[in-house]
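Only one structure is covered here, and it is reproduced in the block below.
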Amino acid sequence: MPLQAFMQGPQAAKRCACKKARCLKLYCVCFAAGMFCDGCSCDKCQNTEKDQSIVMQQRGRVLARNPQSFLPKERRPE
1 MPLQAFMQGP QAAKRCACKK ARCLKLYCVC FAAGMFCDGC SCDKCQNTEK DQSIVMQQRG
61 RVLARNPQSF LPKERRPE
C-alpha cells in the first residue's frame with residue numbers, strides 16, 4: 001500500500017500533536033491515514049519524507065500484527 005494512499009478527503013486536513021510516540025503509532029492521525037506529518041505540532045517527529053525508511057519499517061510491523069490496521073474503519077470486515 002503506498003504511503004500517501006489516503007491523501008484525499010477529510011483525513012488530509014487533520015494534523016497531529018504527538019508528544020512521545022514520534023508519530024509512529026496508530027493513534028497519530030497522520031500515520032494512521034498513511035500520510036507524512038507536515039505542518040503538525042508534534043515533538044521529535046519521525047513520520048517525515050526524510051525518515052521514510054523508518055516509517056515504512058514501522059508500517060510493516062503494524063501490518064504484521066493486524067493486516068487491516070490502515071483500512072478505514074467503515075471498510076473493515078467483521
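Just so we're aligned: the sequence shown equals residues 1 to 78 in the UniProt record's numbering.
For every residue, glycine included, the Cβ atom is placed at its ideal position computed from N, Cα and C.
> If you drop the 5 nearest sequence neighbours on each side, which residues of the same chain put their C-beta closer than 8 angstroms to that of Leu24?
Replying inline: The answer, listed in chain order, is Phe31, Gln46, Asn47, Ile54, Val55 and Gln58.
> What are the boundary residues of the alpha helix (DSSP H) that Met56 is part of?
Replying inline: For Met56, the enclosing alpha helix (DSSP H) begins and ends at Gln52 to Arg65.
> Looking at the structure shown, is Ala33 part of a helix, part of a strand, or coil, going by DSSP?
Replying inline: In the structure shown, Ala33 sits in coil (DSSP, three-state: anything other than H, G, I, E or B).
> Helix, strand or coil: which one does DSSP assign to Lys73?
Replying inline: In the structure shown, Lys73 sits in a helix (DSSP, three-state: H, G or I).
> When the Cα atoms are used, what is the spatial distance from Arg22 to Lys44?
Replying inline: About 5 angstroms.
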